[in-house]
Amino acid sequence: MNKTQAKSINARTIDDREFFYGHKACAGCGGSVAVRLALKVLGENTFSVLPANCMSAVGFIYPQMAFSSNAMIAPFPSTAAMLSGVAVGARALGIKGAYSIGFAGDGGTADIGLQALSGAIDRRDPIIYICYDNEAYMNTGIQKSGLTPYGATTTTTPAGKNLPGSVRPKKNMFEIVAAHGIDYAATCSIGYPQDYMKKIQKAAQVEGTAYIHVYASCPTGWGVPTERSVDVAKEAVDCGLWFLAEYENGRFRLNKNPREFKPVKDYLKKQGRFRHLSDRDIETIVQQRDAKWEKMRREWL
Amino acid sequence: MIEVRWHGRGGQGGFTVARLLGLSAALFEDKYSLAFPSFGPERRGAPVLGFTKIDTTPIRDRSAVRTCDYVVVLDETLVDANITAGLKPGGSILINTRTPERYSDVVNGFNMAHLDATGLALEILGRPITNTAMLGALIAETGVVSLESALKGIEVEMKPSLVEKNIVVVKTACERMKEVA
Amino acid sequence: MNRPEVQPYQKPFCIKELPLGSTFTGGHLVEKNAGWRTFRPIVDQDKCTGCLRCYLVCPDGVIFRSGDEMVIDYDFCKGCGVCAYECKARAIEMIKEEL
Amino acid sequence: MPGQKTFVSGDEAVAMGARLARPHVISAYPITPQTVVVERLSDYVEDGSLNAEFMHVESEHSAMSAAMGVSSVGARAFTATSSQGLLHMCEGLHYASGARFPIVMMNANRATAAPWNIYGDQRDSLSMLDCGWIQVYVEDAQEALDMIIQAYRIAEDPEVLTPFMVNLDGFVLTHTYELVEVPPQETVDAFLPPYQTVNKMDLANPQSLCITVGPNLNLEIKYQQHMAMVNAEKAIDAVDREFGDVFGRYYGGMVQGYRCEDAEVILAATGTTAGTARVVVDAMREQGHAVGLLKLRYLRPFPIRQVCDIAGRVKAVGVLDRDISFGLEGTIYTNVNSALSRLAQKPLTLNFVGGLGGRDISRENIESIFTTLLAAAGGVSQPEVQFFGMECATDE
Chain A
1 MNKTQAKSIN
11 ARTIDDREFF
21 YGHKACAGCG
31 GSVAVRLALK
41 VLGENTFSVL
51 PANCMSAVGF
61 IYPQMAFSSN
71 AMIAPFPSTA
81 AMLSGVAVGA
91 RALGIKGAYS
101 IGFAGDGGTA
111 DIGLQALSGA
121 IDRRDPIIYI
131 CYDNEAYMNT
141 GIQKSGLTPY
151 GATTTTTPAG
161 KNLPGSVRPK
171 KNMFEIVAAH
181 GIDYAATCSI
191 GYPQDYMKKI
201 QKAAQVEGTA
211 YIHVYASCPT
221 GWGVPTERSV
231 DVAKEAVDCG
241 LWFLAEYENG
251 RFRLNKNPRE
261 FKPVKDYLKK
271 QGRFRHLSDR
281 DIETIVQQRD
291 AKWEKMRREW
301 L
Chain B
302 MIEVRWHGRG
312 GQGGFTVARL
322 LGLSAALFED
332 KYSLAFPSFG
342 PERRGAPVLG
352 FTKIDTTPIR
362 DRSAVRTCDY
372 VVVLDETLVD
382 ANITAGLKPG
392 GSILINTRTP
402 ERYSDVVNGF
412 NMAHLDATGL
422 ALEILGRPIT
432 NTAMLGALIA
442 ETGVVSLESA
452 LKGIEVEMKP
462 SLVEKNIVVV
472 KTACERMKEV
482 A
Chain C
483 MNRPEVQPYQ
493 KPFCIKELPL
503 GSTFTGGHLV
513 EKNAGWRTFR
523 PIVDQDKCTG
533 CLRCYLVCPD
543 GVIFRSGDEM
553 VIDYDFCKGC
563 GVCAYECKAR
573 AIEMIKEEL
Chain D
582 MPGQKTFVSG
592 DEAVAMGARL
602 ARPHVISAYP
612 ITPQTVVVER
622 LSDYVEDGSL
632 NAEFMHVESE
642 HSAMSAAMGV
652 SSVGARAFTA
662 TSSQGLLHMC
672 EGLHYASGAR
682 FPIVMMNANR
692 ATAAPWNIYG
702 DQRDSLSMLD
712 CGWIQVYVED
722 AQEALDMIIQ
732 AYRIAEDPEV
742 LTPFMVNLDG
752 FVLTHTYELV
762 EVPPQETVDA
772 FLPPYQTVNK
782 MDLANPQSLC
792 ITVGPNLNLE
802 IKYQQHMAMV
812 NAEKAIDAVD
822 REFGDVFGRY
832 YGGMVQGYRC
842 EDAEVILAAT
852 GTTAGTARVV
862 VDAMREQGHA
872 VGLLKLRYLR
882 PFPIRQVCDI
892 AGRVKAVGVL
902 DRDISFGLEG
912 TIYTNVNSAL
922 SRLAQKPLTL
932 NFVGGLGGRD
942 ISRENIESIF
952 TTLLAAAGGV
962 SQPEVQFFGM
972 ECATDE
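Residue numbers (this note's numbering), protein chains in the order written: chain A, 1 to 301; chain B, 302 to 482; chain C, 483 to 581; chain D, 582 to 977.
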């Protein structure tokens, strides 16, 4: 896989063609920002694989094909396995200069697709695996996934008299992937598109396997007005419930270490999925956040 | 058999109201009804349809609805040239609008009624959720079910926090339709 | 043009004309998404500073620079309002879709 | 150039056949009794005698998904599995046939759990008859090797473009060693050209694969897929003839009748059981009984015409199933009856279910089956579905 020229990537240098266009995603969909930007960073020579998720459900509805670069839907558990087959098949055929890139959701990555992802990293297959994380199974109507945060109401973790919505924290996918000794992994947010594009470019230059975990809002599932979609993904980072970091050469690095955070309560109360939370629940969330940052600062800085 | 076709957008509660109508007829008027959305993914903003069928005997036919007695349009931006396709002769179309005259040609001769459901919803619910307002309009215009059954339906079906206001919305919608008629 | 465009589409007349199995040409558009919006974004070119944040974060990729203006492809804009909300220069306004 | 004589097991023969077919990528997960196939292929990749990539996938589900990824860029994929593994990749089987990826897979026929059993029967592949894969059942290691090569020729035929499953009876064939002639690579290369297709992702002409097709065209797409499988018969017969001309071994295409022309009763059987049945037919013929064997090679597409032509004329047809579709009968019996029901006059048919979970099917078992068939042909009424070789009373 040859390397894209290492020109710094930004809104002006990025490919001006659109490779994901005319799709049927909800108005304001954060996931489509993640897919759209990644494909623009990588250009036309790509093979994309998406499992059953929103982006595949809105991008391949015959006869409306929204992917204008090569793309294929995989069985739900198989993103990384099928993507590996593509990458290894292309290598066997001597196809040069093409990127094999996967776009799976949070559940498609941390739950049903975890086994295939683990296998691909173990084989060190030359793939770029992007998990766009909107924190629930949105395509099937907002059910809890392994990356649904504590306190979020979903149709399978309804907040009611007895439970505050989901009672389990997010799986720590970034560190699970890093624990495989992967060549490159990073966390991003569509609220910080410049950082995201830079990391996609970096992933494309990696010799081996790369994983990008991008926070991608879902107005429908999060209960936010469509226009706030990107801003709420930014605020997740600004209030510390998400973070921007990298794992490379066996070491973690925090890209953004804010001196103080924006209030978690503001971030939560903006969203329908958290509106029910009591002050005590919010306090729990703040404590979980602080514990996480204390560990990251101690170990990664 | 009475067939109603609801036009809305993903997230506007088009199917919720289709189901509410069916439930009211079945539970409170000894009728038989079917309520179903236009199947497939409902994307926020994307045009979607809802259907309600009401009859005095059990409804066996599960094939797609081709004709209907009433068309109810929750969002006037959905009105297009074939909005009345499938409407039976003598059927009527109800549109959530403040400017009905704009649609006089596109309803090509069918009886048209209208209500500023968005205004009413903003007034009472504080949000442009127009489904129960248009249910009120349909009841007032056609008597497809009684107002009383519809209100009972809301009590059974809606979350407690939404019941009270939506009852006011449906009642007010009926009154405003009567004033215009 | 650097984005796919809507093309005329004829439903296959016989089996031979069908796509082969589950494969079809990429970037093949047959319908617009304009019908999805109830509001549309309007750019005030004077206020616009050309920072291109709207271009980066548009979920549908419909707002882009052309010459020295920001242009919108209203065939595929869903009126989500992200561009207007994100615009630091307050140069984009969402106006009700005229009927 | 004659082939090279070797003494190998069914698994090894499959590995050699796969090597000759020059797959670009092998993605397989180990499962008894298929493991020797993937072990040999790993040796060949390591020693350089097979220029292919070997993917150590983490499950059979991923084995099939990876194979689909390989095929989706126009490369030739090979995989192999058995029983539990075949069932675990079931989603992928339907997926690959719908996507028209001509993947070739060896399946070692083995009982399906529970209870656990690693030995042979055909419950696994027969429960997958509807998944859109061509299915052939081979009798010996030579046929196994040959059919891997033929499988690619048929599967990759642009008129067919359908994945292909080559079934071998677990242990009785996979782990039994016998004489096998290994054809020279040059002859195979001439017989089996590199894979060319438009059904792939292409950097020069970007495609969308495994797309969504709603109610508007799904029925027609599935009709297209069905007819491709039905018409695969032409390619199957043509490839069998050409293979015979080139390599000297004809297998008869969809089916192979043995001494059926003047038979009074015929037993339909598949795989290694057909081998044993041949011996019993010869022995009983010497005793003056007009018995015949109909070896069913392909179960998809199903040889309707051939079954009617060969078995339609006799008084009684027996179908030997190493399988039971619980609550009805043996799956092959259902298929044979469906074919025969097209005849104005359908012969009497009986279903003989046995040999499950590795239970041996002896010559005596087959002899008593033929005796039962002859009696039935003579008017003695018989239960339609009979479990043979039971070692305890059924106290019915």
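Don't be surprised by glycine CBs; every beta carbon is placed ideally from N, CA and C.
Bear in mind that the values here come from a model prediction, so they are computed numbers and not experimental data.
Cutoff 8 Å: P486 of chain C Cβ touching any chain A Cβ: yes
Terminal residues of the beta strand (DSSP E) in which Q805 of chain D lies: From DSSP, Q805 of chain D is part of no beta strand (DSSP E) but of the alpha helix (DSSP H) over N799 to F828.
If you draw a straight line from the C-alpha of Q788 of chain D to the C-alpha of G107 of chain A, how long is it? 27 Å
Tell me, please, whether the segment 371–382 of chain B touches the segment 431–438 of chain B by the rule of three or more beta-carbon pairs shorter than 8 Å. yes
So, does the CB of I95 of chain A fall closer than 8 Å to a CB anywhere in chain C? no
Determine the chain C residues that contact K894 of chain D at a beta-carbon separation under 8 Å, and present them in chain order. Note on residue identity: the sequence assigns Arg, not Lys, to residue 894 of chain D. The contacting residues do not exist; R894 of chain D stays about 35 Å from chain C at best.
Could you check whether the segment 712–721 of chain D touches the segment 695–702 of chain D, counting it as contact only if at least three pairs of C-beta atoms, one from each stretch, sit closer than 8 Å? no
Just how far apart, CA to CA, sit I61 of chain A and M728 of chain D? 38 Å
Under three-state DSSP, which class holds C386 of chain B? The displayed chain sequence assigns Ala, not Cys, to residue 386 of chain B. Coil at A386 of chain B, not helix or strand.
Report the option in A:E299, A:E294 and A:I285 whose CA atom is closest to the CA atom of A152 of chain A. A:I285
Relative to chain D, which residues along the segment 111–126 of chain A have a C-beta separation below 7 Å, given in chain order? Q115, A116, S118, G119 and R123
Hey, Y215 of chain A and W242 of chain A are a contact pair by Cβ (cut 8 Å); roughly how many whole angstroms apart? 5 Å
Which residues in the same chain as M1 of chain A place their Cβ atom closer than 6 Å to its Cβ, once the five residues preceding and following it in sequence are excluded? Unreliable positioning characterises M1 of chain A in this predicted model, as indicated by a pLDDT of 43, which lies under 50. The coordinate reading is nonetheless provided below. Around M1 of chain A: P126.
Name, going along the chain, the residues of the segment 210–233 of chain A whose beta-carbon falls closer than 8 Å to a beta-carbon of chain B. P219, T220 and T226
Between A864 of chain D and the rest of its own chain, which residues show a CB-CB distance below 8 Å, the 5 nearest in sequence each way excluded? R944 and E948
Report the residue from B:K354, B:R361 and B:G341 whose alpha carbon sits nearest the alpha carbon of D370 of chain B. B:K354
Thinking C-beta only, is A647 of chain D closer than 8 Å to G85 of chain A? yes
Taking Cβ-Cβ distances shorter than 7 Å, what residues in chain C pair up with G85 of chain A? Within chain C, no residue comes near G85 of chain A; the closest Cβ sits about 16 Å away, beyond 7 Å.
Give a yes or no on whether 8 Å exceeds the smallest Cβ distance from N2 of chain A to chain D. Because N2 of chain A carries a pLDDT of 47, less than 50, the predicted location of this residue cannot be relied on, and the following value inherits that uncertainty. Answer no: the Cβ-Cβ gap between N2 of chain A and chain D never drops below 8 Å.
Mind checking if D356 of chain B is an interface residue toward chain C, Cβ cutoff 8 Å exclusive? no
With a CB to CB cut of under 8 Å and the five nearest residues on each side skipped, what residues in its chain are close to T357 of chain B? K332 and Y333
Please compile the residues from chain C whose C-beta is within a distance smaller than 7 Å of the C-beta of G420 of chain B. By Cβ distance, chain C contributes nothing, its closest Cβ being about 14 Å from G420 of chain B, past 7 Å.
Strand pairing of A159 of chain A, partner residues [DSSP]: A:P164
At 7 Å on the CB atoms, spell out the chain A contacts of P787 of chain D, in chain order. S68, S69 and N70
Could you spell out where the alpha helix (DSSP H) holding L426 of chain B opens and where it closes? Element bounds for L426 of chain B: n/a, residue is neither H nor E.
Quick one: using the 10 Å Cβ neighbour count with 16 as the cut-off for buried, is R822 of chain D buried or exposed? exposed
Nearest-angstrom Cα distance between P938 of chain D and I684 of chain D? For the sequence presented, residue 938 of chain D should be read as Gly rather than Pro. Their Cα atoms are separated by approximately 28 Å.
At a Cβ cut of 8 Å, what residues of the segment 793–810 of chain D count as close to chain A, listed as they run along the chain? T793, V794, G795, N797 and L798
Best match in D:N799, D:I817 and D:V966 for proximity to G908 of chain D [C-alpha to C-alpha]: D:V966
For E304 of chain B, which three-state DSSP category applies? strand
Figure out for me which residue from D:E814, D:G936 and D:F969 has the closest Cα to the Cα of T952 of chain D. D:F969
Taking Q115 of chain A as the reference, which of A:G141, A:K24, A:F76 and A:A87 has the closest Cα? A:F76
Using a cut-off of 7 Å between C-beta atoms, extract the partners of G508 of chain C located in chain D. P787, Q788 and S789
Could you tell me if Y404 of chain B is buried or exposed, where buried requires 16 or more neighbouring beta carbons within 10 angstroms of its beta carbon? buried
Which of the residues in the segment 323–355 of chain B, read from start to end, lie with their CB under 7 Å from any CB of chain C? G346, A347 and P348
Please look up how many angstroms separate the CB atoms of E740 of chain D and A809 of chain D, rounded, as I've assumed it's under 8 Å. 7 Å
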